[in-house]
Amino acid sequence: MIRIQPKHGPVKAGRLMSGEELNKILLMINAKVKKGIVITKQDIEEQVLRT
């Protein structure tokens with residue numbers, strides 16, 4: 416498990432995320448990067464909330 420620090424975004428401070436959840440987020444980010452879409456902190460937070 417990886418602890419997400421509050422300053423890095425995710426809204427629930429210190430929430431533990433499984434590797435699977437993190438992978439989903441990273442895949443989403445990679446997909447957007449490949450398409451040349453700018454990723455905002457908000458995009459990441461929305462994705463975290465969805466998982």
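Quick note on the numbering used here: the sequence shown kicks off at 416 and runs consecutively.
Each residue gets a CB set at the ideal place from its N, CA and C atoms; glycine is no exception.
What's the C-alpha gap between residue i and residue j?
i, j, result
"MET443", "ASP458", "10 Å"
"ILE452", "GLN462", "15 Å"
"LYS450", "LEU441", "14 Å"
"LYS439", "LEU464", "12 Å"
"ILE436", "THR455", "Here the sequence assigns Glu to residue 436, which means Ile is not the residue at that position. In a straight line, the C-alpha of GLU436 is about 19 Å away from that of THR455."
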